[in-house]
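Enquirer: Following this message is one structure expressed as structure tokens.
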Amino acid sequence: MPETDFSTLLPKIWNALLETLVMVTGAFIAAAVLGVLLGHVVYATRAGNLLQNATVFTVINAVVNIVRPVPFIIVAVALIPVTRIVMGSSIGPVAAIFPLALVASVAIARIAESNLVAVDPGVVEAGAAMGVRPWRVLFTIVIPEALGPLALGLTYIFVALVDATAVAGVIGGGGLGNLAMTYGYQRFDWVTMFIVIAVLIAIVQLAQFAGNRIARLVMHEGR
Amino acid sequence: MTTATATATAVPVRGAGVDAAPARATAQTTAIAFEDVSKTFAVDGREFDALKRVNLSVERGEIFGIVGYSGAGKSTLLRTVNGLDRPTSGRVVVDGHDVGSLNPRDLSRLRQRIGMIFQQFNLLQSRTVYQNVAYPLKHAGVPKGELLDRVEELLDFVGLADKALQYPNRLSGGQKQRVGIARALANRPDILISDEATSALDPQTTGEVLDLLQRVNREYGVTILLVTHEMDVVRRIADRVAVMQRGEIVEHGTVYDVFADPVHPTTRRFVSSVISHEAAESTLERIRRVHDGRLVRIHVGDRGSNDPFLSRIARTHRVDFNVVYGGVSELQSRLFGTLTVELLGADADVDAAVRELAGIVEVTDVAIREGASIA
Ligand SMILES: Nc1ncnc2c1ncn2[C@@H]1O[C@H](COP(=O)(O)OP(=O)(O)OP(=O)(O)O)[C@@H](O)[C@H]1O
Ligand SMILES: [Mg+2]
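Line by line, the protein sequences give chains A and B. Per my numbering, the first sequence starts with residue 1, numbered consecutively. Per my numbering, the second sequence starts with residue 1, numbered consecutively.
Rendered as structure tokens:
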């Protein structure tokens, strides 16, 4: 078992941390925008809803259902040619944002949709009874009412993304996961691995804490 | 028999079939007219008639109650008023507008003039009490300065001025419903429709909310159409009532008339759930074990004089009497009741006494057993 050299290790961890943060935040922001949007489209086009549209609903719903169950590593590998076109390269943390964002968008779409569906239909009906037109009901009632659970759902995805970057790392994304794998798994450098794991736990804890706070804020001290 | 056919539109006579002709012109005094309204839902390919040719009109300024058991079609009928449900056939005319013929923009305008309150309150959880009440005003384009005053006035009216900045999850059920009422009144509607507004509340709170609705009716002149399965709600605040069963109105009239003389079995059951002036069969049996004289029911109402007719007639005909069951209630400032009285004496004297009683009040014999009757 090799001696751990902290003077070279710390910069390495710092570097990997930055790579992970780039992947997670980049993918998260892109996926949040795209996923929430998709979730709304699926919600609104569902039969009986505002923009009822069987074609749009079926297509998006099918895409979501196809991508979701496929393990991330397979999606990432399968997407390599597309990633190369879209991101200019298929290696490195920036390139990894693409498959990460795609997978996260699909998950967020599902979460956003279920949050919207879970909004009390009575409240939606109250809006209609007040003479509020459907579009306004969506933006002034349904979305604000869904915001609290949505914040929790997004937090969950953020944490899942930290998880997924470990896999992305293995296929060339770099980051903490990659570091833990190369040092811990391949070189049996347990110290490095434990430090990396501690950093990962810290990130997850922080994200969860922030997410809970935001959710509580928009839900008004918990229902 | 008391039959109320008080309106210009053809309404079914109490207790009779519902084969009335479709309505013609709607009088100016009519706030809501249901004209031959039917509603059929298709569930799993099978059709279900939730409303069957309902004819009814609600007059401006009155409180009209619709009672019925679960599934009778009350909510469906109510929701046709603001177009949340559309009749399969027939039409609903509100303030002279045929709801079904309005384009989306006009329907939206009409809805702003019809306040609605719900059993589950349906407040926006993500907004404060103030914002909930302000919401319909904002949507109607009320300028900000005016909006503030209006919300304040409304919250004062419902007694929740001190809760303006609270979120609904911090309020009690009664408070939530009062916010619901304030919100429903925000745009000064002519009509308020209420779907079981008190069904989720305890009796004390129910009373408070009903008092508030009565104030809404009296102070603002708002016509109220409410549906409920609690006859007590009708008794306390309604002017007129309709009883629904399986999509049909089986009886309707003024609250006094319907309570004093219910005709349809369903109506009788509803009335006896709150007022029971007549003994049930099992009670009568127990009474008869002790009282084997002739039992008659005397129906009393408001009386013009203080003639002590019961004791006077008894004395005249040398009979004795026992009051064995009964009660008198007040409804819409009028009294009505039934006393079950045992008359004791020689048969001829008792007969003569009953005859004289019948000249003053309505008297019916209490059957000895099912089917048997002493005439
Ligand atoms: N959207 C719908 N689709 C199918 N059937 C419906 C629908 N809405 C109502 N119904 C049916 O119509 C009937 C009348 O329903 P409605 O809600 O009007 O009854 P209600 O008198 O308000 O009952 P409750 O006291 O339980 O609220 C019920 O049998 C119900 O199942
Ligand atoms: Mg109902």
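We put the CB at the ideal spot given by N, CA and C, even for glycine.
#1: Out of 215/B, 291/B, 337/B and 102/B, which has the shortest C-alpha to C-alpha gap to residue 261/B?
#2: If we define contact as Cβ-Cβ less than 8 Å, is residue 144/A a contact residue for chain B?
#3: Taking only the alpha-carbon atoms, compute the straight-line gap between residue 80/B and residue 86/B and give it to the nearest angstrom.
#4: I think residue 192/B touches residue 73/B, with their Cβ atoms under 8 Å apart; what is that distance to the nearest whole Å?
#5: Per DSSP, which one or two residues make a beta bridge with residue 42/B?
#6: Can you name, in chain order, every residue of its own chain whose Cβ lies under 7 Å from the Cβ of residue 395/B, other than the five neighbours on each side?
#7: For residue 248/B, verify whether its CB is less than 7 Å away from any heavy atom of ligand 2.
#8: Using 8 Å as the cut-off, can you tell me whether the region 42-51 of chain B makes contact with the region 88-99 of chain A, which would need three or more C-beta pairs spanning the two stretches below that distance?
#9: Alpha carbons only, please: which of 197/B, 228/B, 365/B and 117/B is nearest the one belonging to residue 71/B?
#10: How long is the line joining the alpha carbons of residue 244/B and residue 223/B, rounded to whole angstroms?
#11: Which residue wins for smallest C-alpha separation from residue 73/A, given the options 164/A, 84/A and 15/A?
#12: DSSP three-state label for residue 317/B, please.
#13: Could you spell out the range, first to last residue, of the alpha helix (DSSP H) harbouring residue 139/B?
#14: For ligand 1, is there a heavy atom less than 7 Å away from the beta-carbon of residue 165/A?
#15: Any residues in the region 118-138 of chain A with a beta carbon nearer than 8 Å to a beta carbon of chain B? Which ones, in chain order?
#16: Ordered along the chain, which non-local residues of its own chain (more than five positions away) have a Cβ less than 8 Å from that of residue 47/A?
#17: Helix or strand or just coil, what does DSSP make of residue 193/A?
#18: Identify whether residue 291/B lies in helix, strand or coil by the three-state DSSP scheme.
#19: Please name the residues in the region 217-241 of chain B whose beta-carbon is closer than 7 Å to at least one beta-carbon of chain A, in chain order.
#20: Shorter than 8 Å from the beta carbon of residue 116/B to some beta carbon of chain A?
#21: Using the three-state DSSP reduction, which class does residue 229/B fall into: helix, strand or coil?
#22: According to a CB-to-CB cut-off of less than 8 Å, which residues of the region 83-112 of chain B neighbour chain A?
#23: May I ask you to list the residues that DSSP assigns as paired with residue 56/B?
#24: Suppose the cutoff is 8 Å on Cβ atoms and the five residues either side in sequence are ignored; what does the same chain contact list for residue 6/A look like?
#25: Got a sec, what are the start and stop residues for the alpha helix (DSSP H) residue 204/B sits in?
#26: Counting only the same chain and skipping the five closest in sequence on each side, list residues whose C-beta sits under 7 Å from that of residue 200/A.
#27: Flag this pair as yes or no: are the beta carbons of residue 51/A and residue 45/A separated by less than 8 Å?
#28: If you measure between the beta carbons of residue 204/B and residue 237/B, is that distance less than 8 Å?
#29: Taking only beta carbons into account, state which residues of the region 145-174 of chain A come closer than 7 Å to chain B, listed in chain order.
#30: Using a Cβ cut-off of 8 Å (strictly closer), state whether residue 218/A contacts chain B.
#31: Please look up how many angstroms separate the CB atoms of residue 208/B and residue 174/B, rounded, as I've assumed it's under 8 Å.
#32: Check whether the Cβ atoms of residue 145/B and residue 107/B sit closer than 8 Å, and answer yes or no.
#33: Against residue 214/A, what residues of chain B qualify as contacts under a CB-to-CB distance less than 8 Å, listed in chain order?
#34: Is it a yes or a no for the region 322-332 of chain B touching the region 349-359 of chain B, going by three-plus beta-carbon pairs under 8 Å?
#35: Is the beta carbon of residue 111/A less than 8 Å from the beta carbon of residue 127/A?
#36: Using a cut-off of 9 Å between C-beta atoms, extract the partners of residue 130/B located in chain A.
Expert: The structure says:
#1: 337/B
#2: yes
#3: So the alpha carbons of these two residues sit roughly 6 Å apart.
#4: 20 Å between Cβ atoms; not a contact.
#5: 47/B
#6: Within the shown structure, residues of chain B are numbered from 1 to 375, placing residue 395/B beyond reach of any answer.
#7: no
#8: Taking a cut-off of 8 Å on C-beta distances, the region 42-51 of chain B does not touch the region 88-99 of chain A, as fewer than three cross pairs fall below it.
#9: 228/B
#10: 20 Å
#11: 164/A
#12: coil
#13: 129-139
#14: no
#15: Those residues of the region 118-138 of chain A that come within reach of chain B (Cβ to Cβ, closer than 8 Å) are 120, 122, 123, 125, 126, 128, 129, 130, 131, 132, 133 and 136.
#16: 54 and 57
#17: helix
#18: coil
#19: none
#20: yes
#21: Here residue 229/B sits in coil by DSSP.
#22: 84, 104, 107, 108, 109, 110, 111 and 112
#23: 34/B
#24: none
#25: 203-220
#26: 162 and 176
#27: yes
#28: Contact annotation: residue 204/B and residue 237/B have beta-carbon atoms that are not nearer than 8 Å.
#29: 145 and 147
#30: yes
#31: 6 Å
#32: It is not a contact, given that the beta carbons lie outside the stated cut-off.
#33: By Cβ distance, chain B contributes nothing, its closest Cβ being about 14 Å from residue 214/A, past 8 Å.
#34: no
#35: no
#36: Simply none; closest approach about 13 Å.
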